[in-house]
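Trainee: If you scroll down you'll find the structure; I have some questions about it.
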C-alpha cells in the first residue's frame, strides 16, 4: 500500500510507502518538522538544490515541470 500526493507547502511529489491514506493536511515529513525549509538557501542547497524556493501556491507550473514529477 502507498499514498501519493503533492505537499501543500513545498509542492514536492511524495510517495508514502506503507501509508493507507494521504495525510491531512497533505504535508511531507520535512515540511511537518521544519516548516519553510525551502525559503533558506543553505538548507535548500543541502536537501533539494533543484527546489525553486517557492511555496506550492506561488507557482504557475508544478515543481519539476508540466508533469509535476522531480
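In the numbering used here, the protein residues as written are 15 to 84.
For every residue, glycine included, the Cβ atom is placed at its ideal position computed from N, Cα and C.
Please read these numbers as outputs of a predicted model, since none were measured by experiment.
Does the contact criterion of 3 or more C-beta pairs under 8 Å hold for the stretch 38-48 versus the stretch 65-75?
Mentor: No: fewer than three Cβ pairs fall under 8 Å.
Trainee: Just verifying my parser: in three-state terms, what is the DSSP assignment at residue 57?
Mentor: DSSP places residue 57 in helix when its eight states are reduced to three.
Trainee: Go ahead and label residue 32 buried or exposed: buried means 16 or more other beta carbons lie within 10 angstroms of its beta carbon, across all protein chains shown.
Mentor: By the 10 Å Cβ count, residue 32 comes out exposed.
Trainee: Check whether the Cβ of residue 38 sits closer than 8 Å to any heavy atom of the ligand GDP, and report yes or no.
Mentor: Among the components modelled here there is no ligand, and therefore nothing to report on the ligand GDP.
Trainee: Please work out which residues of its chain come closer than 6 Å, Cβ to Cβ, to residue 15, disregarding the five sequence neighbours upstream and downstream, and give them in chain order.
Mentor: For residue 15, where only same-chain residues beyond five positions count, the Cβ hits under 6 Å are 34.
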